[in-house]
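Peer 1: Take a look at this one; I'll ask things after.
Numbering (full-length UniProt numbering), first residue to last: 1 to 283.
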């Protein structure tokens, strides 16, 4: 059973119109900002417990792992999700991979080559800060690949993700949906605060000029790659607190659905307990 938030965010089949999704809403949640922050904090004990179970299962040979894919326009809050939501679990069991512009070596291979290298091992929660979807988003908008290659990539992504699911991955794909007005406000905030100048990239304004093209690229990618085994969730991201809560809830639902169990002991518990009790005092 999934939560009201996850149900509200899961993308239905068919054509996608992002202009119809209110970026400043909190679907599936009735509370205000303080309530949302409290709800996220309240998830921490269960998230931590389930993550530890996932990690423990690997010691018994389980191949299960979770991969959270975060996509969104600049300033949509991928870093915020990492700090506030993924920060609730033990960092030892998390692998975060950020994908920037491909290197010369990466461009010499198929677009999924570098993605394969970034996949989490069994027992981990992996997080992709941007992902293979850049290769059908910016590549489409900026003409970095021809139309036939972009078309091929949609199918390649679906085949790739289906294979991952067969291998024990649970995929959580979240598109952080921010408005152009909110992005402008966040960019202005960075420019106004010297402590945030390091986060500002002049290229962000160049990308804003292509906002309609990016929206169309996202709509096509979401429609073409939201599948039964790897569905997309569109997360309104103008409210930072709801964005963090929503991703946390979808992740929690996913972990709950795995029915994770503590591995049975592979030794005689009673015998080891007796040995410990009979141990001579350590001097």
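In this text, a Cβ means the ideal position worked out from N, Cα and C, and glycines have one as well.
Determine, using beta carbons only, whether residue 143 and residue 128 come nearer to each other than 8 Å.
Peer 2: Locating residue 143 in the chain shown gives position 143, where the first residue counts as 1. Locating residue 128 in the chain shown gives position 128, where the first residue counts as 1. No, they are not a contact pair.
Peer 1: What would DSSP say about residue 72, mapped onto helix, strand or coil?
Peer 2: Residue 72 sits at position 72 when you count from the first residue of the chain shown. Three-state result, residue 72: strand.
Peer 1: Within 10 Å of its beta-carbon, does residue 90 have 16 or more other beta-carbons around it, so buried, or fewer, so exposed?
Peer 2: Position 90 of the chain shown, counted from the start, is the residue given in the question as residue 90. So residue 90 counts as exposed.
Peer 1: Contact between the segment 192–199 and the segment 138–155: three or more CB pairs below 8 Å?
Peer 2: No, the segment 192–199 does not touch the segment 138–155.
Peer 1: Relative to the C-alpha of residue 248, which candidate in 24, 21, 50, 14 has its C-alpha closest?
Peer 2: Looking up residue 248 in the chain shown gives position 248. When each option's Cα is compared against that of residue 248, the closest is 50.
Peer 1: Within the same chain, show all residues whose beta-carbon is closer than 8 Å to that of residue 8, passing over the 5 residues directly before and after it, in chain order.
Peer 2: The residue labelled residue 8 in the question sits at position 8 within the chain shown. If we look at residue 8 and ignore the five residues flanking it on each side, its Cβ neighbours are 27, 28.
Peer 1: Can you find at least 3 beta carbon pairs, one from the segment 27–47 and one from the segment 130–138, that sit closer than 8 Å?
Peer 2: no
Peer 1: Nearest CA to the CA of residue 92: which residue from 116, 77, 56?
Peer 2: Position 92 of the chain shown holds residue 92. Comparing Cα-Cα distances from residue 92 to each of 116, 77, 56, the minimum goes to 56.
Peer 1: Taking all protein chains shown into account, do 16 or more other C-beta atoms lie within 10 angstroms of the C-beta of residue 107, making it buried, or fewer, making it exposed?
Peer 2: Within the chain shown, numbered from 1, the residue matching residue 107 stands at position 107. Classification of residue 107: exposed, given that the 10 Å Cβ count is below 16.
Peer 1: Between the Cα of residue 77 and the Cα atoms of 187, 123, 203, which residue gives the shortest distance?
Peer 2: Looking up residue 77 in the chain shown gives position 77. Closest by alpha carbon: 187.
Peer 1: What does a CB cutoff of less than 6 Å around residue 130 pick up in its chain, not counting 5 residues either side in sequence?
Peer 2: Residue mapping note: residue 130 aligns to position 130 of the chain shown, counting from 1. Excluding positions up to five away in sequence, the list reads 99.
Peer 1: Using DSSP's beta-bridge definition, name the partner residues of residue 236.
Peer 2: Start at 1 with the first residue of the chain shown, and residue 236 comes out as number 236. Answer by DSSP bridge pairing, in chain order: 177.
Peer 1: Can you check which of these residues, 95, 252, 65, is closest to residue 42 by C-alpha distance?
Peer 2: The count along the chain shown starts at 1 and reaches residue 42 at position 42. Checked all of 95, 252, 65; the closest Cα to residue 42 is 252.
Peer 1: Rounded to whole angstroms, how far is the Cβ of residue 182 from the Cβ of residue 238, which I believe are closer than 8 Å?
Peer 2: Reading the chain shown from its first residue, position 182 is the one you call residue 182. Reading the chain shown from its first residue, position 238 is the one you call residue 238. Sure, about 4 Å apart at Cβ, within 8 Å.
Peer 1: For the alpha helix (DSSP H) that residue 160 lies in, which residues bound it at each end?
Peer 2: Within the chain shown, residue 160 is the residue found at index 160, counting from 1. Run containing residue 160: 147–166, per the alpha helix (DSSP H) assignment.
Peer 1: Could you spell out the range, first to last residue, of the beta strand (DSSP E) harbouring residue 95?
Peer 2: On the chain shown, position 95 is the one that residue 95 refers to. That run of the beta strand (DSSP E) goes 94–98.
Peer 1: Given this structure, state the Cα-to-Cα distance separating residue 231 from residue 250, to the nearest angstrom.
Peer 2: As a position in the chain shown, residue 231 is number 231, starting the count at 1. As a position in the chain shown, residue 250 is number 250, starting the count at 1. If I take the Cα positions, the gap works out to 11 Å.
Peer 1: When burial is assigned at 16 or more other CB atoms within 10 Å of the CB, is residue 201 buried or exposed?
Peer 2: Sequence index remark: in the chain shown, residue 201 carries index 201 (1-based). Exposed, by the Cβ-count rule.
Peer 1: Which residues mark the beginning and the end of the alpha helix (DSSP H) in which residue 5 is found?
Peer 2: The residue you call residue 5 lines up with position 5 of the chain shown. Note, residue 5: alpha helix (DSSP H), 4–9.
Peer 1: Going by CA-CA distance only, name the one from 265, 283, 224, 246 that's closest to residue 13.
Peer 2: Taking the chain shown and counting its residues from 1, one reaches residue 13 at position 13. Of the candidates 265, 283, 224, 246, the one whose C-alpha sits nearest the C-alpha of residue 13 is 224.
Peer 1: So, at 6 Å on beta carbons, what are the nonlocal neighbours of residue 2 in its own chain, with the 5 sequence-adjacent residues on each side left out?
Peer 2: Residue numbering aside, residue 2 sits at position 2 when the chain shown is read from its first letter. Cβ within range, chain order: 253.
Peer 1: Give me the Cβ distance between residue 177 and residue 72, rounded to the nearest whole Å; I'm assuming they're in contact under 8 Å.
Peer 2: Reading the chain shown from its first residue, position 177 is the one you call residue 177. Reading the chain shown from its first residue, position 72 is the one you call residue 72. The Cβ separation is near 7 Å, so the contact holds.
Peer 1: Does the beta-carbon distance from residue 236 to residue 21 come in below 8 Å?
Peer 2: Counting from one through the chain shown, the residue named residue 236 turns up at place 236. Counting from one through the chain shown, the residue named residue 21 turns up at place 21. Yes, the Cβ-Cβ distance between residue 236 and residue 21 is below 8 Å.
Peer 1: With a 10 Å radius around its C-beta and 16 neighbouring C-beta atoms as the bar for buried, classify residue 36 as buried or exposed.
Peer 2: Against the chain shown, residue 36 aligns to sequence position 36. Buried: at least 16 other Cβ atoms inside 10 Å.
Peer 1: Where residue 222 and residue 101 are concerned, what is the direct C-alpha to C-alpha distance, given to the nearest angstrom?
Peer 2: For the purposes of this step, residue 222 is taken as residue 222 along the chain shown, with counting starting at 1. For the purposes of this step, residue 101 is taken as residue 101 along the chain shown, with counting starting at 1. Rounded to the nearest angstrom, the two C-alpha atoms are 21 Å apart.
Peer 1: Write down the C-beta distance between residue 172 and residue 68 rounded to the nearest angstrom, noting that I regard them as a contact closer than 8 Å.
Peer 2: One-based indexing of the chain shown puts residue 172 at position 172. One-based indexing of the chain shown puts residue 68 at position 68. About 5 Å separates the two Cβ atoms, so the contact holds.
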